[in-house]
Amino acid sequence: MPLLCVALAARAEAIGPTVITRVDDLIDAPRALFGRTRAQVEGTLGTPLAVRQRALPGLLHPEIVETIRELAYEGARIGVSASTALRRVEITTPTYDLPHGLSVGATRRHVEETLGEPQELTEGRYLYLYSDGYPDTVEVYFRDHRVYRIEWNYWTE
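Right, dumping it as structure tokens:
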């Protein structure tokens, strides 16, 4: 395990500084693509294939569980809070056009060159934080050095 930690630390140093404007572009992308509310999401993508309730830990207080409604679409799951605000987005196909060529299928190298160093990383996941102080995040998941899933979490009240 110590060897893996050393390897990850070396990788982070080799990536380069975080490019905040591009991270913010990527974090803002689902709100621009799909909308900020359930009504806007359904207006953009149509009726979901399925809707289910899901419990999530709160972003500011993980011990407080929040129930969201998750709207299922081809290659995407979009969670909206009780107030219908966009809370969570997960994309698993390259169908959706994201900024800077950062989509499912992009290489790890492209993510690193485009976004720079993540605030948190593991071998299979990079996490980036929004610059405005809210706990909005984007997590990029890798398999075989390619993006296979991107997940956003937004703070809602």
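The numbering used here puts the first residue of the sequence shown at -7, with every later residue one more than the last. No residue lacks a Cβ here, since even glycine has one placed at the ideal position from N, Cα and C. In this text the structure is predicted, and so the values were computed from the model without any measurement.
For residue 26, the CB contacts under 6 Å within the same chain, skipping 5 residues up- and downstream, are 33 and 36 in chain order.
The alpha carbon of residue 145 has as its nearest neighbour, out of 131, 136, 137 and 39, the alpha carbon of 131. For residue 49, the secondary structure class from DSSP, reduced to helix, strand or coil, is strand.
When beta bridges are read from the DSSP output, residue 148 appears opposite no residue.
Distance from residue 101 to residue 71 at the Cβ level is roughly 30 Å; contact not present, criterion being Cβ atoms closer than 8 Å. Comparing alpha-carbon positions, the option among 19, 68, 103 and 20 lying closest to residue 38 turns out to be 68.
Separation of residue 135 and residue 54 (C-alpha to C-alpha, rounded to the nearest whole angstrom) is 27 Å. DSSP places residue 114 outside any alpha helix (DSSP H); the residue lies instead in the beta strand (DSSP E), whose first and last residues are 112 to 114. For residue 75 against residue 148, the beta-carbon gap comes to about 6 Å, under 8 Å, which counts as contact. Residue 64 is positioned such that its CB atom lies no closer than 7 Å to that of residue 48. When C-alpha distances from residue 97 are compared across 6, 138 and 80, the shortest belongs to 138.
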